[in-house]
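Report on the structure given below.
Residue numbers (the working numbering), protein chains in the order written: chain A, 1 to 303; chain B, 1 to 130; chain C, 1 to 179.
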């Protein structure tokens with residue numbers, strides 16, 4: 001998994017900082033082993049292998065993340081759906097291959113979060129239909145950031161920043177007393193000069209961004225990216241990038257995906273209902289924001 | 001082929017040009033090595049994307065997965081080297097230990113660069129999302 | 001008169017085809033050689049280019065270069081790929097530089113000097129293209145530039161000497177034929 005994880009902490013002791021950071025990295029590695037779609041030994045792969053066959057006993061973290069994923073599915077009317085696995089594997093973002101319409105149609109019935117059930121008492125998870133796949137790519141990084149921050153706090157760190165490939169959680173204040181300053185990437189940046197479109201100051205908050213430029217390729221003039229609409233199986237149109245801000249990283253990550261698929265208008269409405277803040281750049285490049293955020297975000301240029 | 005024969009093949013301008021080129025390129029080789037700054041951050045990139053940003057002070061061995069296989073990078077005593085790589089020519093390994101500059105394994109698309117914190121951190125923000 | 005001109009033109013085409021074949025063969029031969037130092041490309045085909053330039057002029061030399069680069073890339077399946085762009089850029093710039101120097105100051109440099117100029121421009125063009133296409137880090141390019149130029153100078157001088165020998169040999173054979 002080529003994900004860049006960066007952990008920054010404020011501490012008066014270099015040794016305790018190093019120890020805390022190492023522990024946080026181990027926690028992230030542990031979660032990766034549980035959630036890795038491409039590893040046959042992960043708990044997620046176990047659930048996928050037993051789809052339509054039997055329920056699988058899983059650890060607390062897996063139960064937790066699946067529970068959160070289902071919650072986000074409900075709140076985004078199914079726009080975020082962790083069972084997107086059966087369709088997203090039809091696309092190859094490295095070899096730049098997009099699937100035939102018939103393949104997508106065939107696998108669309110295998111995408112439905114309602115067929116994923118978890119039992120908190122038995123600690124099990126079950127995928128009802130054979131051929132269904134869970135892919136936690138849209139929520140695992142935010143979840144990992146949350147856990148990493150908890151680990152740092154348990155190791156007596158009071159201020160820091162964890163970034164898991166752009167899913168960020170910040171807590172405490174910097175040594176100069178100021179909050180952590182996060183840059184939001186310009187989805188149509190042409191170089192280093194205009195790569196950041198806005199900055200936002202965060203205290204004890206998480207932020208995630210989903211963009212159509214992250215894993216994408218262009219075939220026959222059409223842009224194929226990895227944020228697929230679970231109802232059609234095709235990349236969602238309507239947004240270039242969506243950034244969500246709230247307390248939990250798992251939610252910023254998953255809602256960023258879900259809101260992207262819902263589109264700008266429905267997206268902002270959903271965010272207001274959830275009480276989250278967000279910045280949406282629609283397909284025309286126009287910026288939409290939730291009302292409360294306007295004071296906290298500084299845009300680089302008017303767009 | 002004797003020396004006289006060789007001299008006959010060349011004009012005065014030829015010889016001057018040869019001399020200047022050798023002088024400039026050799027001095028270039030030494031000069032560039034000196035001018036590069038000693039860095040504190042070891043940056044390992046695959047395909048142009050950074051996958052590791054490590055302090056040069058801590059000895060460690062990391063394995064990165066390039067397009068052809070695993071390249072193993074070792075940091076020890078404030079120096080960096082590539083110990084193993086799946087490429088044919090093993091040029092990257094032959095470069096040995098470096099204190100500054102970079103080592104490139106072109107076939108595996110792995111680049112190891114020694115840099116300073118200033119080029120790593122974006123001066124305006126603490127992190128970038130998106 | 002027109003018949004002689006036609007004869008000369010078809011002779012030209014024949015020559016260019018033959019020279020291109022030689023250049024291609026040398027290039028193929030060179031790629032089979034084991035290379036302990038991969039950056040050290042002997043550039044044997046440049047011997048043909050330089051000889052063609054001196055004996056038959058810049059147009060012929062350019063054609064030989066183009067044909068050789070295109071055919072070589074077609075054979076190795078790298079046509080229109082990045083390697084092809086590097087080869088083409090280096091080859092054309094190098095041939096042009098040698099041709100221009102030869103036409104502006106014909107007696108100043110011998111084959112060795114011209115070969116050095118060609119090698120210099122060839123390597124510089126390739127370093128620039130590599131920067132633009134592959135490695136956008138100027139520090140990496142600056143780091144290897146002096147080494148590349150140095151190696152190019154060495155191979156350039158050897159190629160120049162061989163070209164000189166080839167030209168003298170060809171001229172001798174021409175005289176023999178005419179006598």
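Where is the CB? At the ideal position from N, CA and C, for every residue including glycine.
With 8 angstroms as the threshold, decide whether the Cβ of residue i is near any Cβ in chain E.
i, result
"residue 127(B)", "The structure shown has no chain E; the protein chains it does contain are A, B and C."
Go ahead and pull the three-state DSSP assignment for residue i.
i, result
"residue 73(C)", "helix"
"residue 82(C)", "helix"
"residue 1(A)", "At residue 1(A), the pLDDT of 42 sits below 50, so the modelled position is not reliable; the number obtained from the coordinates is stated separately. Of the three classes helix, strand and coil, the one that applies to residue 1(A) here is coil, per DSSP."
"residue 121(A)", "coil"
"residue 30(C)", "helix"
"residue 52(B)", "strand"
"residue 68(C)", "helix"
"residue 84(B)", "strand"
"residue 45(B)", "strand"
"residue 109(A)", "coil"
"residue 300(A)", "coil"
"residue 60(C)", "helix"
"residue 106(B)", "coil"
"residue 120(B)", "Because the pLDDT at residue 120(B) is just 48, under 50, the model does not fix this residue reliably, and the point stays unresolved."
"residue 175(C)", "helix"
"residue 304(A)", "What is shown of chain A runs 1 to 303, which leaves residue 304(A) out entirely."
"residue 160(C)", "helix"
"residue 87(C)", "helix"
"residue 131(A)", "coil"
"residue 23(C)", "helix"
"residue 82(A)", "coil"
"residue 152(C)", "helix"
Terminal residues of the continuous alpha helix (DSSP H) containing residue i?
i, result
"residue 93(B)", "91 to 94"
"residue 206(A)", "No alpha helix (DSSP H) contains residue 206(A), which is instead part of the beta strand (DSSP E) from 205 to 211."
"residue 56(C)", "45 to 56"
"residue 222(A)", "Element bounds for residue 222(A): not the alpha helix (DSSP H) but the beta strand (DSSP E), 222 to 225."
"residue 97(A)", "From DSSP, residue 97(A) is part of no alpha helix (DSSP H); its letter is neither H nor E."
"residue 238(A)", "It is not in any alpha helix (DSSP H) - residue 238(A) carries neither H nor E in the DSSP assignment."
"residue 85(A)", "85 to 88"
If you follow the beta strand (DSSP E) that residue i is part of, which residue opens it and which one closes it?
i, result
"residue 72(B)", "70 to 76"
"residue 122(C)", "Element bounds for residue 122(C): not the beta strand (DSSP E) but the alpha helix (DSSP H), 111 to 133."
"residue 125(A)", "124 to 127"
"residue 255(A)", "Careful: residue 255(A) lies outside any beta strand (DSSP E), inside the alpha helix (DSSP H) at 249 to 262."
"residue 127(B)", "127 to 129"
"residue 217(A)", "216 to 219"
"residue 22(B)", "Per DSSP, residue 22(B) belongs to no beta strand (DSSP E); it is in the alpha helix (DSSP H), 12 to 35."
"residue 65(B)", "60 to 65"
Notebook entry, point to check: What are the start and end residues of each continuous alpha helix (DSSP H) run of 4 or more residues lying completely inside the region 134 to 196 of chain A, in chain order?
Noted result: Correct list: 140 to 154.
Checklist line | Residues of the region 166 to 192 of chain A whose Cβ lies closer than 9 angstroms to any Cβ of chain B, in chain order | finding: Within the region 166 to 192 of chain A, the residues whose Cβ lies closer than 9 angstroms to some Cβ of chain B are 166, 167, 168, 170, 174, 180, 181, 182, 183, 184, 185, 186, 187, listed in chain order.
Next item on the list: With 9 angstroms as the limit, tell me which residues of the region 143 to 154 of chain C have their beta carbon closer than that to any beta carbon of chain B; keep them in chain order.
Entry: For the region 143 to 154 of chain C, which is checked against every Cβ of chain B, the residues closer than 9 angstroms are 143, 144, 145, 146, 147, 148, 149, 150, 151, 152, 153, 154.
Check: Counting only runs that start and end within the region 4 to 79 of chain A, where is the beta strand (DSSP E) found for 3 or more residues in a row?
Finding: Entirely contained in the region 4 to 79 of chain A, the beta strand (DSSP E) runs reaching 3 residues are, in chain order, 5 to 10.
Next item on the list: Specify whether the region 228 to 239 of chain A and the region 46 to 60 of chain A touch according to this definition: at least 3 beta carbon pairs, one from each stretch, less than 8 angstroms apart.
Entry: When C-beta atoms of the region 228 to 239 of chain A are compared with those of the region 46 to 60 of chain A, fewer than three pairs fall below 8 angstroms, so the two segments do not count as touching.
Next item on the list: Could you run through the region 22 to 33 of chain B and flag, in chain order, every residue whose CB is less than 7 angstroms away from some CB of chain C?
Entry: Listed by position, the residues of the region 22 to 33 of chain B near chain C (Cβ gap below 7 angstroms) are 22, 25, 26, 28, 29, 32.
Notebook entry, point to check: How do the region 255 to 275 of chain A and the region 76 to 90 of chain A stand: do at least 3 beta-carbon pairs fall below 8 angstroms, yes or no?
Noted result: Yes, they touch.
Notebook entry, point to check: Fully enclosed by the region 258 to 298 of chain A, which beta strand (DSSP E) runs are 3 residues long or longer?
Noted result: Whole beta strand (DSSP E) segments, 3+ residues: 277 to 282, 287 to 289.
Note to self: Output needed in chain order: residues of the region 192 to 209 of chain A with a Cβ under 7 angstroms from some Cβ in chain B.
What the structure shows: The residues in question are 196, 199, 207, 208, 209.
Notebook entry, point to check: Of the residues that make up the region 75 to 108 of chain B, which ones have a beta carbon closer than 9 angstroms to any beta carbon in chain C?
Noted result: Residues 88, 89, 91, 101, 102, 104, 106.
Notebook entry, point to check: For the region 216 to 244 of chain A, which residues have a CB atom closer than 8 angstroms to at least one CB atom of chain B, in sequence order?
Noted result: Listed in chain order, the positions of the region 216 to 244 of chain A with a beta carbon within less than 8 angstroms of a beta carbon of chain B are 241, 243.
Item checked: Contact between the region 126 to 137 of chain A and the region 16 to 32 of chain A (3+ Cβ pairs under 8 angstroms) -> No, they do not touch.
Check: Relative to chain A, which residues along the region 42 to 62 of chain B have a C-beta separation below 9 angstroms, given in chain order?
Finding: Look at the region 42 to 62 of chain B: the residues with a C-beta under 9 angstroms from a C-beta of chain A are 46, 47, 49, 50, 51, 52, 53, 58.
Margin query: With a threshold of 8 angstroms, are at least 3 pairs of Cβ atoms found where one atom belongs to the region 116 to 130 of chain C and the other to the region 15 to 29 of chain B?
Written below: At 8 angstroms Cβ cutoff, the stretches touch.
Note to self: I want to know whether the region 273 to 285 of chain A touches the region 242 to 255 of chain A - three or more CB-CB distances under 8 angstroms.
What the structure shows: These segments touch.
Notebook entry, point to check: Does the region 82 to 97 of chain A come within contact of the region 203 to 223 of chain A, defined as at least 3 CB pairs closer than 8 angstroms?
Noted result: Counting C-beta pairs closer than 8 angstroms gives three or more between the region 82 to 97 of chain A and the region 203 to 223 of chain A, which meets the contact rule.
Margin query: I'd like to know if the region 159 to 169 of chain C and the region 99 to 119 of chain C are in contact, where contact means that at least 3 CB-CB pairs between them fall below 8 angstroms.
Written below: The region 159 to 169 of chain C and the region 99 to 119 of chain C touch, with no fewer than 3 CB-CB distances between them shorter than 8 angstroms.
Next item on the list: Could you please tell me which residues of the region 97 to 113 of chain C, in chain order, have their CB closer than 9 angstroms to any CB of chain B?
Entry: The residues in question are 105, 107, 108, 109, 110, 111, 112, 113.
Check: Hey, is the region 27 to 38 of chain A in contact with the region 95 to 110 of chain A, meaning 3+ C-beta pairs nearer than 8 angstroms?
Finding: Judged by Cβ distances under 8 angstroms, the region 27 to 38 of chain A makes no contact with the region 95 to 110 of chain A, as fewer than three pairs qualify.
Notebook entry, point to check: How do the region 66 to 80 of chain C and the region 98 to 111 of chain C stand: do at least 3 beta-carbon pairs fall below 8 angstroms, yes or no?
Noted result: No: fewer than three Cβ pairs fall under 8 angstroms.
Notebook entry, point to check: On the three-pair Cβ rule with 8 angstroms, is the region 153 to 169 of chain A touching the region 64 to 71 of chain A?
Noted result: In the pairwise beta carbon analysis, the region 153 to 169 of chain A is classified as not touching the region 64 to 71 of chain A: fewer than three pairs are separated by under 8 angstroms.
Notebook entry, point to check: Which residues, in chain order, does the region 111 to 123 of chain A contribute to contact with chain B at a C-beta distance below 9 angstroms?
Noted result: Within the region 111 to 123 of chain A, no residue qualifies.
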